[in-house]
Amino acid sequence: MTLQDLNTHAVSTMRRILVVDDEPDIRANLTDILGDLGYEVDTAGNGNEALALVERKAYDVALIDLKMPGIDGLELYRRIKKIHSATVVIITTAYAGGDTARAAMAAGAWEIVSKPMDFNMLLPLIEGALTQPAIIIVDDDTDLCDNLWSILHDRRYRVGIAHDIDDAQALIEARDFSIALIDLKLPQGDGTQLLQLIKARQPDARAILISGHRAELDDAVRAATGPSPDAVCYKPIDIESLLTTVRDLTRA
Amino acid sequence: MDADLLFERYRELQAYVGWTEADAARINAVADQVEPHLSQLVDDFYEEITRHPDARKVITGGQPQIERLKGTLIVWVRELMRGPYDRDHVAKRWRIGWRHVEIGLDQVYTNVALSRLRSGIVRVIQQYWRGPVSESIEMIESLHKLIDLDLAIIEDAYQCEHLKRQAQVERLAAVGHMAGGVAHELRQPLNVIRSSVYYLQHARNPTPEKTGEHLERIDRQVKLADGVITAMADFAKLPSPRTEPVNVSQCIMETLETIRLPDSIELNVDCPATALMQADASQLRIVLGNLIRNARDAMRDGGRLTIDVSALGEHVEITVSDTGGGIPPELLPRIMEPMFTTKARGIGLGLTISRAIVTKHGGHIRVHSEVGGGSTFTVVIPSAAAKPSDTGATQP
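Order-wise, the sequence lines are chains S and H. Counting from 1, position 221 in the first sequence corresponds to residue 221 in the working numbering; the numbering is continuous, with no gaps. Counting from 1, position 115 in the second sequence corresponds to residue 115 in the working numbering; the numbering is continuous, with no gaps.
See below:
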């Protein structure tokens, strides 16, 4: 194992999966099957239990039953997305199709899996989702974050969102990621500080700095004593070129 | 419809309009005079029909179909004028109404077009009438009676067939809805079974305890799936109740024995020990079981379950109340619909079956619910003391 590997693994932990289903037997079975494969599995029997867990831990994947008493799967997904948007949410349902399933996909669920679950399909789906590059967006403009989330999510990136440096720090400490998109101007400081932190904690991660002022960004990059960004991006963001940059950086 | 029954009905209608053999004789007497004008009368009739776009659109076969229909109508007028007004005559009229549903012709057009045909026939007869005016008036009255009778049979057939088809469409929709609900309820246990099988096949080092656990789980879920199928089968063929005097208190206690209530629910039962209802005990246990389980499920965080019985002369009233969250007013009208449920598990047949049972007993179910104030379901069943002979089984 190289030093770089060690560094990476200092952040990365066991892969965490949250199973939410009101059927105790299916919770037990998924714990057995996923646990046997080496995942760390937590379970919740309803939406409130699930939210309490999500507040404490960042899950890589959540398997959520669509039809539950109280908060249903779709509403739960929406709330989890607000707390931890990088979690890959797979909705499970015993209904073949239907409007709710479509709504779940529209809201950004990773996949809908019908019950009875086909594990030869589900397990590669989970593993495949976990190998997709993770991106964090740090910007205080919530609309921009939501738009970028949707655009990147549609291209199968896992996307975490932070609106200030504290949020961003929590994300960086919690999980490995491939790319950080950082706004130069943040509520409690500037993006170059965050850039420094990222490079220190996750040397493999790439960083893209974003700013509305070309001159300001250029000055900041020049003035910064620490590491330089891997790419820069000016607002209004040209989505096509951003996607190309993201693709190139994740491949490199 | 049965030809004999139909003819009987026709005879009733004949009596109602005061139809006699004399009416028949008057019309038969002018049949020869009308005969040469049949084709002109029928042409005029179809001219009227084809003037209305909604009526015209049901004639999809163009001119050849119209010619065919004209032929049929000529026969109809000829039979109208000549009789005999027997079983066969009535059955043919019935088929016209049936046919109109088949092709989607609104009865409005039958009415207006027949009105035109009616005045056409009257005109022809008046033109050739050589007898006393008073007799011509009688003759025309007889003709009106006859055409109205024909129309009544056509209308009756139309309504009958129309309702039958509507019911079919509704039944089909209900079946689809039910199939969806049953699919969901069966896939849940299948999901557990399939995942246990996957674990047993793929687990790296399952302990004997783990293996046993999964086998038990499979067994339990097979029972659950079987329960869903049993509920469906019960619903599909609910037998008529075989009623006898049943001690209400005993019936409630027997039902409670089969239901597990958590400690957080306080149970109060207030029932006169001697109250008797005229009921099928096994079916009433299904009703009470559904209501008690619903009450329990409405109080996840605990509460008070109250069962009150009062014998009110001809009826026994059993109320099952909970202190749960209550039912939102917009859902209240739907709670007894088949496959309607707010529970995550359950096919939504409990209240539907309960209502069907109580109705077959000649009773009814009422519900009172307020959001935040809990729900009260009241079952009203004939008391055994008041009507010992009434089996209730013959109630619709």
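Just so it is clear, CB atoms sit at the ideal spot from N, CA and C, and this is done for glycine as well. Bear in mind the structure is a predicted one, so any value in this text is a computation, not a measurement.
From the options, residue whose alpha carbon lies closest to that of residue i
i              : options                        : result
D280 (chain H) : H:A273, H:L288, H:T274         : H:L288
V98 (chain H)  : H:C160, H:P245, H:G348         : Sequence check: residue 98 (chain H) is Trp here, not Val. It is H:C160 whose Cα lies nearest to the Cα of W98 (chain H).
R194 (chain H) : H:A179, H:Q221, H:E170, H:V175 : H:Q221
L51 (chain S)  : S:T31, S:I126, S:R78           : S:R78
K57 (chain H)  : H:D43, H:E21, H:H100           : H:H100
V320 (chain H) : H:E170, H:V169, H:L291         : H:L291
R293 (chain H) : H:I259, H:H177, H:I265         : H:I259
V182 (chain H) : H:L190, H:Y199, H:L215, H:V228 : H:V228
R9 (chain H)   : H:D150, H:I353, H:P206         : H:D150
S420 (chain H) : H:L186, H:S196, H:L163, H:Q40  : In this structure chain H extends from 1 to 396, so residue 420 (chain H) is not present and cannot be described.
G70 (chain S)  : H:L351, H:K343, H:R95          : H:K343
R123 (chain H) : H:V108, H:V30, H:D88, H:Q201   : H:V30
A311 (chain H) : H:I381, H:F340, H:E337         : H:I381
L256 (chain H) : H:D301, H:I140, H:I286, H:L80  : H:I286
M139 (chain H) : H:W19, H:G350, H:G303, H:L186  : H:W19
V358 (chain H) : H:T376, H:Q283, H:G313, H:D322 : H:Q283
C251 (chain H) : H:V42, H:T306, H:A273, H:V77   : H:A273
V309 (chain H) : H:H37, H:Y109, H:I318          : H:I318
G35 (chain S)  : H:F377, H:S383, H:Y199, H:P208 : H:Y199
M256 (chain S) : S:T131, S:G128, S:I64          : Outside the modelled stretch of chain S, which goes from 1 to 252, sits residue 256 (chain S), for which no answer is possible.
D32 (chain S)  : H:A203, H:A298, H:R68, H:E79   : H:A203
Exposed unless 16 or more other CB atoms sit within 10 angstroms - verdict on residue i
i              : result
R217 (chain H) : buried
G324 (chain H) : buried
V371 (chain H) : exposed
D23 (chain H)  : buried
K223 (chain H) : exposed
I137 (chain H) : exposed
K335 (chain S) : Within the shown structure, residues of chain S are numbered from 1 to 252, placing residue 335 (chain S) beyond reach of any answer.
G226 (chain S) : exposed
L215 (chain H) : exposed
K115 (chain S) : buried
T39 (chain S)  : According to the sequence provided, residue 39 (chain S) is Tyr. The question's Thr does not apply to it. By the 10 Å Cβ count, Y39 (chain S) comes out buried.
K82 (chain S)  : exposed
L5 (chain H)   : exposed
S264 (chain H) : exposed
A200 (chain S) : exposed
G160 (chain S) : buried
H153 (chain S) : buried
T245 (chain S) : buried
G212 (chain H) : exposed
V34 (chain H)  : buried
K164 (chain H) : exposed
V54 (chain S)  : buried
G73 (chain S)  : buried
V77 (chain H)  : buried
Simplified DSSP state of residue i, which is helix, strand or coil
i              : result
S142 (chain H) : helix
N46 (chain S)  : coil
M277 (chain H) : strand
R156 (chain S) : coil
V197 (chain H) : helix
E23 (chain S)  : coil
I59 (chain H)  : coil
F45 (chain H)  : helix
T319 (chain H) : strand
R304 (chain H) : strand
V379 (chain H) : strand
V228 (chain S) : One point to set straight first is that residue 228 (chain S) is Ser, not Val, in the sequence displayed. DSSP places S228 (chain S) in coil when its eight states are reduced to three.
A62 (chain S)  : strand
E40 (chain S)  : strand
Y234 (chain S) : strand
L242 (chain S) : helix
D4 (chain H)   : helix
I357 (chain H) : helix
L349 (chain H) : coil
G363 (chain H) : coil
E314 (chain H) : coil
V371 (chain H) : coil
- [ ] Let me know the beta strand (DSSP E) ranges lying completely inside the stretch 225–289 of chain H, each 3 residues or longer, listed in chain order.
- [x] Along the stretch 225–289 of chain H, the beta strand (DSSP E) occurs as fully enclosed runs of 3 or more residues at 244–247, 265–270, 276–279, listed in sequence order.
TODO: Within the stretch 135–218 of chain S, note down every full alpha helix (DSSP H) run reaching 4 residues or more, in order along the chain.
DONE: For the alpha helix (DSSP H) assignment, the uninterrupted runs of no fewer than 4 residues enclosed by the stretch 135–218 of chain S are, from N- to C-terminal side, 142–154, 165–174, 191–201.
Task: Three CB pairs or more closer than 8 Å across the stretch 108–116 of chain H and the stretch 169–177 of chain H - done: With a cut-off of 8 Å, the stretch 169–177 of chain H and the stretch 108–116 of chain H do not count as touching, because too few Cβ pairs lie within range.
- [ ] Could you say if the stretch 173–182 of chain S and the stretch 197–209 of chain S meet the contact criterion of at least three C-beta pairs nearer than 8 Å?
- [x] Touching, yes, given that three or more Cβ pairs across the two stretches are closer than 8 Å.
Task: Minimum length 3: unbroken beta strand (DSSP E) runs contained in the stretch 75–137 of chain S - done: Whole beta strand (DSSP E) segments, 3+ residues: 88–93, 111–114.
- [ ] Spell out a yes or no on whether the stretch 117–135 of chain S and the stretch 148–159 of chain S are touching, meaning 3 or more CB-CB pairs, one atom from each, closer than 8 Å.
- [x] When C-beta atoms of the stretch 117–135 of chain S are compared with those of the stretch 148–159 of chain S, three or more pairs fall below 8 Å, so the two segments count as touching.
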